[in-house]
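Below is one structure, written out as structure tokens; comments come after it.
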Amino acid sequence: MKLFVDNLTNVDFSYLHPQRGLLGESWLVQLVLDGSLNEQGMICDFGIVKKAVKQWFDNCIDHALVVPTGMQRLTITEAEGETAVTWQYPQGGEFFCRSPEQAIVLVDLDEVNEQTLAQWCKSQLLALFPEEVKGLEISFVPESISGAFYHYSHGLQQHDGNCQRIAHGHRSKIEIFLDGQRDVAVEQQWADTYRDIYIGTRNHLVSEPTSEHHYRYDAPQGEFEIRLPTEYCYLIDTETTVEQIACHLAEQVKAAHPDREVMVRAFEGVGKGAIATA
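Just remember that the working numbering sits 4 ahead of the position in the sequence shown, which is counted from 1.
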């Protein structure tokens with residue numbers, strides 16, 4: 005007997021990719037439990053499943069930087085409640101991130117993808133369930149997006165929750181309307197601009213960027229720091245909330261099309277986002 009839960013939750017996080025570097029991602033979580041029926045005629049109560057699994061993902065993967073420890077050109081330092089990660093891009097340049105330990109998840113993998121991370125999570129999750137549960141399958145499913153989308157990472161210093169972590173991210177679609185009609189060419193232009201990008205806030209810069217961007221800030225969870233090559237960064241003057249990103253995009257599109265009425269629907273992961281007009 006099996007029990008399945010589709011779209012139980014979604015996770016928004018970033019991870020290190022062996023070629024693309026820092027990659028923001030949003031995946032839907034699917035769950036299948038295998039086991040025997042209890043005296044209530046159930047494998048496991050849906051309420052228990054949803055609460056336990058969602059809480060685990062919220063604490064362990066969501067809004068974190070996931071680092072596969074088997075990557076080449078990777079150095080990890082753990083000390084005094086902090087984790088620091090240094091990694092060399094194949095084409096040159098360096099990625100560095102230092103955060104409180106709960107913001108960086110080290111996984112014993114060579115590479116993170118939907119399949120490998122699901123297997124890692126499976127080994128962690130089984131202990132959460134009652135004895136009737138004999139096995140489980142976890143799968144991650146990217147949102148089906150027919151139009152333009154981009155992967156981005158960021159950190160929100162002023163956020164009280166886990167969004168304050170300096171390297172978490174999303175896979176997000178974008179919709180841009182000119183005079184009430186979607187313009188797929190402009191959408192794709194901005195998706196290309198934001199491909200695999202780190203969106204940074206100007207007042208988080210340690211110094212004016214040259215060949216790299218260097219950001220650092222203090223937040224309720226501790227001190228956060230990140231450095232990465234300039235070509236992977238996009239700088240704005242405000243906090244990088246989805247509302248501010250939508251406003252920035254609307255202003256930029258309006259500047260390029262001053263005689264048109266502009267509306268931007270910027271998504272932050274799956275099924276949520278902000279609308280801005282100009």
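We treat Cβ as the ideally placed atom computed from N, Cα and C, and that holds for glycine.
Three-state secondary structure assigned by DSSP to residue i
i      : result
Ile279 : strand
Asp222 : strand
Phe153 : strand
Tyr93  : coil
Ala68  : coil
Val274 : coil
Asp38  : strand
Leu160 : coil
Gly51  : helix
Val266 : strand
Val210 : coil
Phe61  : helix
Thr73  : coil
Where the alpha helix (DSSP H) containing residue i begins and where it ends
i      : result
Ser127 : 118-129
Cys188 : According to the sequence as given, residue 188 is Val; it is not Cys. Counting along the chain, the alpha helix (DSSP H) containing Val188 begins and ends at 188-197.
Leu253 : 246-260
Reference residue i, options the options, closest by Cα
i      : options                        : result
Glu86  : Tyr93, Glu229, Tyr198          : Glu229
Arg206 : Gln192, Glu29, Glu272, Tyr221  : Tyr221
Gly139 : Glu147, Glu29, Ser150, Cys125  : Cys125
Gln192 : Ala56, Val257, Met75, Leu32    : Val257
Leu121 : Val70, Thr245, Ala171          : Val70
Val116 : Met267, Gly25, Arg264          : Gly25
Asp241 : Ala131, Lys6, Gly184, Leu253   : Leu253
Pro22  : Ser30, Trp60, Ala68, Arg77     : Arg77
Trp284 : Glu84, Cys64, His174           : Absent from the model: residue 284. The displayed extent of the chain is 5 to 282, so no value can be given.
Ser148 : Leu7, Val266, Gly273, Leu35    : Gly273
Tyr219 : Leu12, Gln128, Cys101, Lys55   : Cys101
Asp164 : Ala223, Val210, Gln119         : Ala223
Asn14  : Leu20, Val53, Asp62, His217    : Asp62
Pro233 : Glu255, Pro146, Glu247, Glu216 : Glu216
Leu132 : Thr244, Lys54, Glu105          : Lys54
Residue range of the unbroken beta strand (DSSP E) whose run includes residue i
i      : result
Glu98  : 98-104
Glu179 : 172-182
Ser18  : 6-21
Gly165 : Segment: none, Gly165 is in no beta strand (DSSP E) and carries neither H nor E.
Ala83  : 78-83
Leu113 : First-last for Leu113: undefined, no H or E at that position.
Thr205 : 201-205
Tyr2   : There is simply no residue 2 to check, as the chain begins at 5 and stops at 282 in what is shown.
Residue burial classification, residue i (beta-carbon count within 10 angstroms, cutoff 16)
i      : result
Lys177 : buried
Gln168 : buried
Gly277 : buried
Ser157 : buried
Check: residue i C-beta below 7 Å from any heavy atom of the ligand COA
i     : result
Gly28 : The ligand COA is not part of the structure shown, which contains no ligands of any sort.
Any C-beta of chain B under 8 Å from that of residue i
i      : result
Gln248 : The chain inventory of the structure shown lacks chain B, comprising one protein chain alone.
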